[in-house]
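Here's the structure we're looking at; comments come further down.
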Amino acid sequence: MANEQFGKFGVWQPHSTVTPEAVRELEQLGYGTVWLGTSPPADWDGFDALFAASESISIGTSIVNMWSTPAKASADLFHRLESKFPGRFLLGIGAGHREFNDGYTKPYDALVNYLDELDEAGVPKNGRALAALGPKVATLARDRTAGALPYLTTPAHTADLRVLFGPDTLLAPEQKVVLEEDPQRARTIARERAGYYLNLANYVNNLRRYGFDDQDVTPPGSDRVIDAIAPHGTPDQIADAITAHLRAGADHVAIQVLGGDNLPALRTLAPLLAARAN
């Protein structure tokens, strides 16, 4: 799947809340991909309806958790959807979090083994991607998959991965946003979602690499870190924050709107993003 297939902008949303009607509208609004979050299992029964409701929009998992979904099940899912909806599905894979996954040891080695099994099952390199933050897993994503789906990052992280990847590897970071001009209300909304991730070591460690200190990353997070991982403001300010990732080298940005129903905000943002896409 060529990187252009994803479009410049997509939508990240928990898989259980995505509806066929919403996917159809997002496609009409010009979003290129819907990313199904919160670890959709390979046997989730919603995939086909989302594809069938749309014509060309891509759908990716962000991510399938390798600890709870065996590689064979992921491979079977890929081949089934590829045969029915060719070129429109990307299998996003990740190692989850040591705080929640039993047996979470040597996740890098487990990822390598998982990719080996996908190779044996015939899942092509360009049909899969990794949730990558640190350079070791990012290098694995570059060498063994279509690319990386970083989560809870900043444009500075995107820029560093682009240097590591070179020009051809897919780089599709997720970006949380709050379409709210009042800073206090916006930060309250952001902390309800983004603050949760400050309890997870892999995200906190990555934020530390980019200049955030103990005061910033201690839950519920400083204003500085919350504003960085979930920027707020006017529609134009939000569009600028999203496209900062493109300017830093991303191919695509997966937008996660915080604060309730995301469709009104995505309707507002669509023309502003389209104007900034080139």
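Here the sequence shown stands for residues 499 to 776, where the numbers follow our numbering. All residues carry an ideal CB built from backbone N, CA and C; glycine is no exception. All of these numbers come straight from a predicted model, not from anything done at the bench.
query: Which residues DSSP lists as bridging Ala646, in chain order; result: Leu628, Leu669
query: For Phe507 and Glu679, the rounded distance between their alpha carbons; result: 22 Å
query: Contact under 8 Å by Cβ, Glu672 with Ala752; result: yes
query: With 16 other Cβ atoms within 10 Å as the buried cut-off, status of Lys674; result: buried
query: Residues near Pro733 in its chain [Cβ-Cβ closer than 7 Å; skip 5 each side]; result: Leu677, Thr766, Leu767, Leu770
query: Gly558 vs Gly590 beta-carbon contact at 8 Å; result: yes
query: Cutoff 8 Å; reference Ala692; Cβ partners in own chain excluding five residues on either side; result: Leu650, Lys674, Gly719, Ile724, Ile727, Ala728, Leu756
query: Cβ-Cβ separation, Ala627 to Leu575 (assumed contact under 8 Å), whole Å; result: About 14 Å separates the two Cβ atoms, so there is no contact after all.
query: Inside the stretch 694-766 only - alpha helix (DSSP H) runs reaching at least 4 residues; result: 699-707, 712-715, 721-727, 733-746
query: Contact check, His750 vs Phe504, beta carbons under 8 Å; result: yes
query: Beta-carbon proximity list for Glu615, same chain, < 6 Å, skipping 5 on both sides; result: Ala569
query: Closest by C-alpha distance to Val560, when choosing among Gly585, Trp510, Lys582; result: According to the sequence as given, residue 560 is Ser; it is not Val. Ranking the options by Cα distance to Ser560, first place goes to Trp510.
query: Run of the alpha helix (DSSP H) containing Ile687, from where it starts to where it stops; result: 681-691
query: Val635, DSSP secondary structure in three states; result: helix
query: Per-residue burial, Asn563 [other beta carbons within 10 Å of its own, 16 or more giving buried]; result: buried
query: Supposed contact pair Ala657 and Gly747 - C-beta distance, whole angstroms, cut 8 Å; result: 6 Å
query: Ordered list of alpha helix (DSSP H) runs contained in the stretch 560-610, each at least 4 residues; result: 569-582
query: Delimiting residues of the beta strand (DSSP E) encompassing Phe507; result: 507-512
query: When His743, Ser514, Ala737 are compared against Pro538, the one with the closest alpha-carbon; result: Ser514
query: Cα-Cα separation between Ser566 and Thr716, rounded to whole angstroms; result: 29 Å
query: One or two residues paired with Ile557 in a DSSP bridge; result: Val532, Phe587
query: Euclidean distance between Cα positions of Gly592 and Pro622; result: 17 Å
query: C-alpha distance - Arg707 paired with Ala742, whole-angstrom precision; result: 19 Å
query: Same chain, Cβ closer than 6 Å to Ser552, neighbours up to 5 away in sequence not counted; result: Val521, Arg522, Glu525
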